Structures are given as C-alpha cells and as structure tokens.
Amino acid sequence: MEGIMIKAVRNLVSLKKQKIITGYSIRDEEEDGGEIEFKFRINGCEEKDRCEAEESGNIISMIEEAENQYWENIADEEKYKQQLESDYWAVQGVKI
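Take this note's numbering: the last position of the sequence shown gets the number 199, and nothing is skipped along the way.
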C-alpha cells in the first residue's frame, strides 16, 4: 500500500508541474486504500474527479474522457439551438 501511495503522489506532483491538473487531495484509508481527488480545467472551467490511488496512472485518460464529453455536449447544444431556430422560422413561414 505504501508503494502505491508513493507512486500516486509522484504522479500527481508531475501532473501538477505539467499543469495538467490544478490541484489534488489524497485521503489515505488503511482499510480501503487511498483515494485521490483532483481538479483540472476544461475551457476555463474547473472540474473535479476522483479515483483510487491504484488508478492514478489513468488520470490523463480520465481528463481526456471528461474533455471529450464536454465538447460533445457543446456540439449537441449547438445542434439543438439550430433546430429550434429552424423550427421557429418554419412556423413564421420564413425559409432559412
């Protein structure tokens, strides 16, 4: 367990130095193992996530997944807005 926590802390310090994460906290639980909460930015907004200490090597992929989901949501919202505008103008009898 101690080796896992040391590896996790080294990984977190490295990610912070590279500015991939903006902050982190570690909760060391003897029975369940350690838990890490980390913060990162997507498009200027700070987000949070957490993982087990054993998964600290997957933080970059977790951030990439969150970032992909963020941009998919933005694209879906844009499609929805365009559909609303199209529907509005269709009701008004104006073609776009």
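Ideal Cβ placement from N, Cα and C applies to all residues, glycine included.
Quick caveat: nothing in here was measured; it's all calculated off a predicted structure.
Could you say which of Lys120, Arg144, Gln185 and Lys184 lies nearest to Asn171 if we only look at CA atoms?
-> The residue you call residue 171 lines up with position 68 of the sequence shown. Nearest of Lys120, Arg144, Gln185 and Lys184 to Asn171, Cα basis: Arg144.
From Tyr183 to Gly196, what does the alpha carbon distance come to, in whole angstroms?
-> One-based indexing of the sequence shown puts residue 183 at position 80. One-based indexing of the sequence shown puts residue 196 at position 93. Those two C-alpha atoms are separated by around 20 Å.
Mind pulling the beta strand (DSSP E) runs of 3 or more residues that sit fully within the stretch 105–130?
-> 126–130
Proximity to Val218 [Cα-Cα], best of Cys154, Ile166, Ile177 and Asn146 = Since the displayed the chain opens at 104 and closes at 199, residue 218 lies outside it and no answer follows.
Buried or exposed by the 16-neighbour rule on C-beta atoms within 10 Å, applied to Leu187 = Stepping through the sequence shown from its first residue, residue 187 is reached at position 84. Classification for Leu187: exposed.
Cβ-based neighbour list, Asp131, same chain, cut-off 7 Å, excluding 5 preceding and 5 following = Sequence index remark: in the sequence shown, residue 131 carries index 28 (1-based). Here the set comprises Met108 and Gly137.
Should Ala193 be labelled buried (16 or more other beta-carbon atoms within 10 Å of its own) or exposed?
-> Looking up residue 193 in the sequence shown gives position 90. So Ala193 counts as exposed.
Which word fits Lys114, buried or exposed, when buried means at least 16 other C-beta atoms lie within 10 angstroms of its C-beta?
-> Position 11 of the sequence shown, counted from the start, is the residue given in the question as residue 114. As written in the sequence, residue 114 is Asn, which differs from the Lys given in the question. So Asn114 counts as buried.
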